[in-house]
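Participant: Which chain is which? The protein sequence lines are C and E, in order. According to our numbering, the first sequence is numbered sequentially starting from 40. According to our numbering, the second sequence is numbered sequentially starting from 11. Don't be surprised by glycine CBs; every beta carbon is placed ideally from N, CA and C.
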Amino acid sequence: DQQVKQNSPSLSVQEGRISILNCDYTNSMFDYFLWYKKYPAEGPTFLISISSIKDKNEDGRFTVFLNKSAKHLSLHIVPSQPGDSAVYFCAASAGTSYGKLTFGQGTILTVHP
Amino acid sequence: NAGVTQTPKFQVLKTGQSMTLQCAQDMNHEYMSWYRQDPGMGLRLIHYSVGAGITDQGEVPNGYNVSRSTTEDFPLRLLSAAPSQTSVYFCASSQRTSTDTQYFGPGTRLTVL
């Protein structure tokens, strides 16, 4: 039972355009969400997070939007750069069990020059 | 700072063999965790620890043991390796909880024949 789903295995965009990566979740107890980025042969690195008390969080070119009623979050990258090409994972945690993080399957983003 | 280190980088085992994947961090983090990454499955939590002497199971704990005798080290033991345990294993640490920024090691690629 996949509680966090990234339904697009891959996404291809042109340099300078917007990249939108999507993530859906089923567990209504999730109240904290994170995005991690992973380059080949490296461990994931933290990108941005959002608490369920907010619906938007920005950090430079990266913005995460949370729609609690739809149980959906998205990561927007504007403008996209070739160095953004990586696998992006969304992850979620429930307030009562901050020990456990549930990850999605990942989306491979390719940004073409 | 070395951050999170993992050894070995690569390992090939035969079915039934046992081994220990090493993980160490030098950031004085309380929280440490082990994940496995499989194609199409994202990162799945195996075990985690919220401090020395305290461990708990994640999503896929069967076939693995952990212990946390010091803050710095969090080894993962495979008791009797099976081909289903062929995967890339990542260790991560964060200050207190899974929702604090987790710093991942470079990973161990394990093949069980």
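1) One question on the structure: do Pro83(C) and Arg100(C) come within less than 8 Å of each other, judged by their Cβ atoms?
2) Can you name the residues of chain C whose CB is closer than 7 Å to the CB of Tyr99(E)?
3) Count Cβ pairs between the region 86-93 of chain C and the region 20-38 of chain E that sit closer than 8 Å; are there 3 or more?
4) Between Ala80(C), Asp70(C), Ile87(C) and Leu50(C), which lies nearest to Asn106(C) when the distance is taken from Cα to Cα?
5) What residues in its chain sit with their C-beta under 6 Å from that of Thr17(E), if we drop five residues either side in the sequence?
6) What are the residues in the region 65-98 of chain E lying within 8 Å of chain C by C-beta distance?
7) Are Ser47(C) and Asn66(C) closer than 8 Å when you measure CB to CB?
8) Is there a Cβ of chain C sitting closer than 8 Å to that of Gly26(E), yes or no?
9) For the beta strand (DSSP E) that contains Met51(E), what are its first and last residues?
10) Among Gly115(E), Glu40(E), Gln21(E) and Arg54(E), which has the Cα closest to the Cα of Glu82(E)?
11) So the beta strand (DSSP E) Met29(E) belongs to, where does it begin and stop?
12) Could you tell me the distance, in whole angstroms, from the CA atom of Leu120(E) to the CA atom of Lys76(C)?
13) With a threshold of 8 Å, are at least 3 pairs of Cβ atoms found where one atom belongs to the region 93-102 of chain E and the other to the region 36-52 of chain E?
14) So Gln53(C) is in the beta strand (DSSP E); what residue range does that whole segment cover?
15) Say whether chain E places a C-beta atom closer than 8 Å to the C-beta of Ser113(C).
16) Would you give the residue range spanned by the beta strand (DSSP E) that Val103(C) belongs to?
17) Nearest to Val126(C) by alpha carbon, out of Leu50(C), Asp98(C) and Lys110(C)?
18) Just to confirm my understanding: we take Gln112(E), look at its own chain, exclude 5 residues before and 5 after, and list those with CB closer than 6 Å. What are they?
19) Evaluate Gly115(E) with the Cβ neighbour count: other Cβ atoms within 10 Å of its Cβ, from every protein chain shown; 16 or more gives buried, anything less gives exposed.
20) Does DSSP put Gly122(C) in a helix, a strand or coil?
Facilitator: A quick look at the data gives this:
1) Against a cut-off of 8 Å, the Cβ pair of Arg100(C) and Pro83(C) comes out as no contact.
2) Going along chain C, no residue has its Cβ under 7 Å from Tyr99(E), so there is no contact; the nearest lies around 10 Å.
3) Verdict: no, contact absent.
4) Closest option to Asn106(C), Cα to Cα, is Asp70(C).
5) The beta carbon of Thr17(E) is closer than 6 Å to those of Gln32 in its chain, skipping five residues each way along the sequence.
6) Within the region 65-98 of chain E, the residues whose Cβ lies closer than 8 Å to some Cβ of chain C are Asp66, Gly68 and Glu69, listed in chain order.
7) No, the pair does not count as a contact, with Cβ atoms beyond the cut-off.
8) It does not: the Cβ of Gly26(E) has no partner Cβ on chain C nearer than 8 Å.
9) Taken as a continuous stretch (DSSP letters only), Met51(E) belongs to no beta strand (DSSP E), as it is neither H nor E.
10) Closest in C-alpha terms to Glu82(E), from the list Gly115(E), Glu40(E), Gln21(E) and Arg54(E), comes Glu40(E).
11) Following the DSSP letters along the chain, one finds Met29(E) inside the beta strand (DSSP E) bounded by residues Met29 to Gln35.
12) If you take the alpha carbons of Leu120(E) and Lys76(C), they lie about 22 Å apart.
13) The region 36-52 of chain E and the region 93-102 of chain E touch, with three or more beta-carbon pairs separated by less than 8 Å.
14) Following the DSSP letters along the chain, one finds Gln53(C) inside the beta strand (DSSP E) bounded by residues Ser49 to Gln53.
15) Nearest CB-CB separation between Ser113(C) and chain E: not below the 8 Å threshold.
16) That run of the beta strand (DSSP E) goes Phe101 to Asn106.
17) Nearest of Leu50(C), Asp98(C) and Lys110(C) to Val126(C), Cα basis: Leu50(C).
18) Contacts found: Ala102 and Ser104.
19) That one is buried.
20) Looking at Gly122(C) - three-state DSSP - the assignment turns out to be helix.
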